[in-house]
Amino acid sequence: MRHFDAHCHLHDPRLDPWRDAALHQARSVGVVGFACCAAEEAEWDAVMALADSQPGVLPSIGLHPWFVAGAAAGWPARLEARLRSMPWVGVGEAGLDLARRGGGMASPEAQEAAMLLQARIAMDLGRPLALHGVRAWGRVLELLRPLGHHSGGWLLHSFSGPAELVPALAELGAWFSFSGTITRHRATRSHAAARAVPADRLLVETDAPDILPILGEQALQVPMVPRDGKGRVVNLPANLLVNLRALAAVRGEPHDRVARCCHDNAQRLFGPLLAARS
Ligand SMILES: [Zn+2]
């Protein structure tokens with residue numbers, strides 16, 4: 014069975030010592046597609062270079078809320094120009110993080126403006142937009158609603174919003190991607206959301222090298238447990254299978270059905286980009 018990691022950051026320098034082995038390991042367990050997002054302009058080239066050198070890596074470029082304050086003037090025009098010249102590239106990671114304050118974080122207003130700029134570019138170009146939300150999914154819905162339905166798709170990465178928001182977001186063209194958060198027993202809100210998502214909008218991701226799932230017995234099957242410079246365990250794309258298993262269990266559905274559904278959904282969402290590439 015083939016699997017598609019709907020959101021990750023495989024160009025991240027924390028993966029430098031492990032990248033080739035991690036991709037090999039992922040492919041050996043069937044993970045053959047990787048939607049890889051750049052979070053700031055300084056990463057755009059790295060994501061494009063990885064996509065050029067590694068089969069199955071689908072690049073996406075944008076400005077993440079953590080990097081809005083430090084973004085160089087003129088970034089929206091440069092982003093749009095790059096995207097126009099490369100029809101196989103997605104938009105994002107963009108979004109809103111209302112939990113982080115200070116420490117160089119942009120104000121909520123500035124984050125919203127950056128997110129809306131990227132949403133408009135994604136709609137103009139008909140591309141999927143990867144969105145990050147922390148304590149912000151209600152506000153994301155308020156901001157997206159006036160834009161109307163986006164046929165290119167809003168990819169709500171590591172979705173953990175309230176289940177009640179799912180129908181309204183789905184109506185606007187949202188797809189819901191579940192990360193390692195779903196493996197945590199206490200993540201009851203994520204579990205409720207995962208049960209509320211319609212089967213044709215369900216995705217699974219690793220967010221590697223971040224959001225390490227609770228590996229449990231699976232850890233025995235993951236021979237490589239790398240650590241970053243601070244000694245923290247680094248998440249790898251092969252762990253997508255751990256997240257898939259948890260997602261199926263939470264939804265109370267057979268693993269194979271959920272796996273097939275997430276893969277087919279990724280093919281539909283990213284289909285236009287994959288077609289533009291080939
Ligand atoms: Zn991410």
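The sequence shown begins at 14 in the numbering used here and counts up by one. Backbone N, C-alpha and C fix where the C-beta goes; we use that ideal spot for every residue, glycine too.
**Prompt:** Expressed to the nearest angstrom, what Euclidean distance is found between the alpha-carbon atoms of residue 202 and residue 175?
**Reply:** 6 Å
**Asked** What is the rounded straight-line gap between the Cα of residue 119 and the Cα of residue 127?
**Response** 10 Å
**Prompt:** Between the region 21-33 and the region 256-276, do at least 3 Cβ pairs fall closer than 8 Å?
**Reply:** no
**Message:** Residues in the same chain with beta-carbon distance under 8 Å from residue 247, minus the five sequence neighbours each way, listed in chain order, please.
**Reply:** 27, 28, 31, 221, 222, 225, 239, 240 and 241
**Request:** Take residue 266 and list the residues in its own chain whose beta-carbon comes closer than 6 Å to its own, dropping the five residues that flank it on each side.
**Result:** none
**Item:** Paired residues, beta bridge with residue 145 - DSSP
**Value:** 108
**Request:** Work out the CA separation of residue 74 and residue 55 for me, nearest whole Å.
**Result:** 10 Å
**Prompt:** Given that a residue counts as buried once 16 or more other Cβ atoms are within 10 Å of its Cβ, and exposed if not, what is residue 124?
**Reply:** buried
**Asked** Is the CB-CB distance between residue 108 and residue 135 below 9 Å?
**Response** no
**Asked** Does the pairing of the region 85-105 with the region 272-289 give three or more beta-carbon distances under 8 Å?
**Response** yes
**Prompt:** Would residue 193 pass as a contact of residue 255 if the rule is Cβ separation under 9 Å?
**Reply:** yes
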